[in-house]
Amino acid sequence: MKNPVIGPTVVENLQFLSGGGEMGMLMRSKDWSRTPVGTPGTWPQSLRTTLSIILNSKFPMFLFWGPELLCFYNDAYRPSLGDNGKHPGILGMSGDDAWVEIWKIIKPLIDLVLAGGEATWSEDQLIPIYRNGKIEDVYWTFSYSPVNDETGKPAGVFVTCNETTGKVNILNEIKESKNQLQFAIDATELGTWDLNPATNKLIGNTRLKEWFGLGPEEEIDLSLAMNVIAAQDKQRVSEAIQKALQFSSGGCYDIEYSIVHPITKKERIVRAKGKANFDEQHIANRFNGTLQDITATAVEKRKTEESEKQFRNLVIQSPIPMAILMGGDHIIELANNSMIEKIWRKKESEVIGKKVIDVFPELKDQKYPELLKEIFTSGKGYRENESVAYLEEALGLRKLYLDIEYAPLFETDNRVTGIIIIVNDVTEKVDSRLNVENTEERLRLAVEATELSTWELDLQTRDIIYSPRLPEIFGHDRSYNFTHAQMRSQIHPGDIHDIVEKAFEVAMETGIYKYEARVVKPDNEVSWVSTRGKVFFNEKKEPVKMFGTLRDITEEKYHEQELLESEQKFRLLADSMPQHIWTADTEGNLNYYNESVFNFSGLTLEQINKDGWLQIVHPDERQENIKKWMHSINTGEDFLFEHRFRRYDGEYRWQLSRAKPQRDASGKIQMWVGTSTDIQEIKEQEQQKDFFISMASHELKTPITSIKGYVQLLQFTHMNTEDTVLKKSLGSVEKQVEKLTSLISDLLDLSKIKSGKLFLTKEHFFLNELIAEVTEEIRHINPEYNIVLSKETKTAVFADRERIGQVLINFLTNAVKYSPGSLEIQVESYTENNKVIVSVKDSGIGINKKDQAKIFERFYRVEGKNEKTFPGFGIGLFISMEIIQRHNGNIGVTSEPGKGSVFYFSIPIEKI
Ligand code: ADP
């Protein structure tokens, strides 16, 4: 039966469909007339009421109504239908059409409810539905309850439902992950534990309980578990737990210890890891974690440690130098004593734990750092023999030759972690080998250099082996081959029998082969050779081999000959000389005398050699002779000496001996060559002359003194005369007599000096006073000269006043004499170093260097066109020197020709 659609009244009746959001609107606008339930106006009250509840509820609700189980639902239910699915098509559709895919599942439930049964409750039920364009697994928690109509019978089924797919999925995921955790725990064979710090009760998984030998109870007392821990570890574990439970520790727990199964006594090494959780008061409320059986790895580790230890021991104890470098920096982790002491020459503390390059900075420029780097990166070992290394030492770089082996050390993962170095010091071996090589090479070069040839003769076969120099000496090419017989045939016929063959016979007896002989070269040129050889005998004492050398000595022979000839010439020459000629070695020993020496002395060479040369020197001069000779030998200065030699008849004769050193190119003295010339006659003449001078001056002195007296008398008597000629003449006579007097007194002094009779009469006097007196005297005679005194010492001296005055007069008269152009003379006197020094300076003609040294000699006068004009004997300075030397003083001159001279003397101030 169908209800007609009627006007506003109907609309009014549809109040129950008000509100309800989208679904309310859909229900109101839907043309219900075509549905079995008819237009809403005809709907029974029970349906209306139910729909009103549904539309106004925010809880997902659904209604199956009437015999067709028509579908109604609210906005809250709508999302469960997804997009592109049943919504909004199923509104008012019969249940079996709307829910085809699940009808089989829900129809029985609906029927059950409609049949008057209880309301149903299903939780998290999987009911896949079509939505979102596909069948989806959807979980529901729902309840079906009957809706009775006015008759009191169930006319519909009210469904409140909630899609729980999300929740179920999460739960499923948790379950899944729990399973996975469990799986992981199982797979890694981990024990798990969970300690309640409040109760000290422990929950553990089966594995853990098994390991600890604990019962199946859910909760175990911590103390029970602690009992199982090995005694030595208990304390440590307990402390670690206490620490983890303190908030400040961060709750971390990680410890290894041993447990001993209470029944089986099986020991296990475990590693416990865990974390404590803390509440707001920082009190630990949970402490859980895992336990891992590391027995196998610990044992493994122990084994590795053990083997590592053994390895280290091996290195340490090895007599072969070894070291281990770790890491890319090559830190010396280990090195044995041989390495440290013998190779490195360091102390252990200087090397261990340090980088190789820091310990040996000198390696920087050597190949080793590069080598180590290469090994470390490539993992390939390296070996080298006689590798050269330089190590720094106090005395400089030490060169070493080392056989080296570098091997990489691998970790279990094949990574290179270090390098082991094994070395063998072969320095000594290499050095000595190089030495031998060098020596051999040197010897070869030396042999070549000496132009020596070597040979080896087989005495049984007469086969000869020789160096290339040998045929050369015999006048052939260096590569020429010849036999022993051919060699022999080249020996000069005059020498073959008497020299060579004889020498050979001697060699067979003595073992030594030695001769000098002539060789005739193919071009008939004759040369000299010298051979030296040694014979080797076998056990039967038979000569088997001879080794030797052969040298060309032609040139030496030539020089020898030359020398011989020149020596002969020299002897001939020397022997024909009337003078004595002799030579001496560098130490002064006389080793050659010419014939004249033997003739004069009447001695033989043997006699002279036996008693010495000095035996013929007069005893008075021997001492001085030795002194002078040794002085020359020590200084290399020429030897010059006058002494008397005893003639064969016992008479001593004066000789003037001179010797000069003979030097080589470098100036080194090789020998001395000396001559001794007989000067007996000259000496005698000199003595006669001295005698004459002495006598003449003595004889002249008296008449001169009387002349002087008469002249002075005449001057005195004619003092006031007007006769100027007479006055001038008397003055000249006085001047000349004065000169004559001084000349004669000089000659007298000279003979006194010669005969050693110049005596000093010393007294104390002031030198300045003497100087004043003398200069006054000179001024008197030479009034035109300006004699200036300066410094003027006030020192008193102890000396011969007259003689010192004589020296001063000599200086001053010379100064006047030799400075005709300039009229100033300066006289200085002063003390210095306990000496008093007097100098006389003129600006006269001066004296050249060569003459300066000689003017103090007897009769020496400077020769020159100027000097000729100056009268004199050349004895004044000689006497002055004698006087000053007898006062232990010094006398000398500095002068420059053309500028003037300074003559000076000094005498020591004698303490009074
Ligand atoms: P002489 O009687 O010849 O002067 P000395 O022994 O006094 O003898 O002097 C030796 C020589 O020294 C002189 O002949 C002269 O050549 C040189 N001589 C000495 N004094 C001077 C001087 N003041 N200036 C230059 N020459 C001098």
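In our numbering, the protein residues as written are 38 to 949. Built from N, CA and C at the ideal position, the CB exists for glycine as well.
Burial check for Gly881: the Cβ neighbour count within 10 Å reaches 16 or more, so the residue is buried. Along the region 79-146, the beta strand (DSSP E) occurs as fully enclosed runs of 3 or more residues at 98-102 and 107-110, listed in sequence order. For the set Val196, Asn575 and Lys577, the Cα lying nearest the Cα of Phe109 is the one of Val196. The residue among Asp657, Ile663, Glu813 and Phe893 with its C-alpha nearest the C-alpha of Leu627 is Ile663. Under the DSSP definition of a beta bridge, Phe447 partners with Val453. Shortest gap from the CB of Phe910 to any heavy atom of the ligand ADP: under 6 Å. Judged by the Cβ position, Val899 qualifies as a neighbour of the ligand ADP at the 6 Å threshold, a heavy atom of the ligand being closer than this. The C-alpha of Lys379 lies about 8 Å from the C-alpha of Pro358.
Residue environment: Cys198 is assigned as buried (16 or more neighbouring CB atoms within 10 Å of its CB, all protein chains considered). Of the residues Ser344, Thr201, Ile211 and Leu496, the one whose Cα lies closest to the Cα of Tyr114 is Thr201. Taking a 10 Å sphere around the C-beta of Asp68, we find fewer than 16 other C-beta atoms and assign the residue as exposed. The alpha-carbon separation between Arg382 and Glu442 amounts to approximately 20 Å.
Val194 is not a Cβ neighbour of Val137, given a cutoff of 7 Å.
Annotation for Leu507: no beta strand (DSSP E) segment contains it, though the alpha helix (DSSP H) segment containing it runs Arg506 to Ile510. For Ala360, the enclosing beta strand (DSSP E) stretches over residues Met359 to Met363.
Boundaries of the alpha helix (DSSP H) harbouring Thr850: Arg838 to Lys854, taken from the DSSP string. Restricting attention to Glu814, Val581, Thr620 and Gly119, the CA atom closest to the CA of Trp650 is found in Thr620. Contact holds between the region 927-937 and the region 883-895, because three or more Cβ pairs, one in each stretch, are under 8 Å apart. Asn870: not part of any alpha helix (DSSP H); DSSP gives it neither H nor E. The Cβ atoms of Gly56 and Leu106 do not sit closer than 7 Å to each other. Gly132 is not a Cβ neighbour of Phe179, given a cutoff of 7 Å. Under the three-state reduction of DSSP, Ser66 is assigned to helix. Within the region 184-242, the runs of alpha helix (DSSP H) at least 4 residues long that lie entirely inside it are, in chain order, 202-224. The Cβ atoms of Val834 and Val877 lie no closer than 7 Å to each other. Check the Cα spacing between Val484 and each of Gly746, Thr586 and Ser943: the tightest is with Thr586. With fewer than 16 other Cβ atoms inside 10 Å of its own Cβ, Pro559 counts as exposed. Distances between the C-beta of Leu914 and the heavy atoms of the ligand ADP include at least one below 6 Å.
Following the DSSP letters along the chain, one finds Gln329 inside the beta strand (DSSP E) bounded by residues Ala321 to Asp330. By the criterion of at least three beta-carbon pairs nearer than 8 Å, the region 803-821 is not in contact with the region 781-789. Rounded to whole angstroms, the Cβ separation of Leu496 and Val581 is 6 Å, and the two are in contact under 8 Å. In the DSSP secondary-structure assignment, Ala262 is not bridged to any residue.
Gly416 is a Cβ neighbour of Val453, given a cutoff of 7 Å. Distances from the alpha-carbon of Ser526 to those of Glu385, Val556 and Ala809 put Val556 closest. Contact annotation: the region 406-415 touches the region 449-465, with at least three C-beta pairs closer than 8 Å. Contact annotation: Asn325 and Asp316 have beta-carbon atoms that are not nearer than 7 Å. At a Cβ-Cβ threshold of 7 Å, Arg690 and Asp727 do not count as neighbours.
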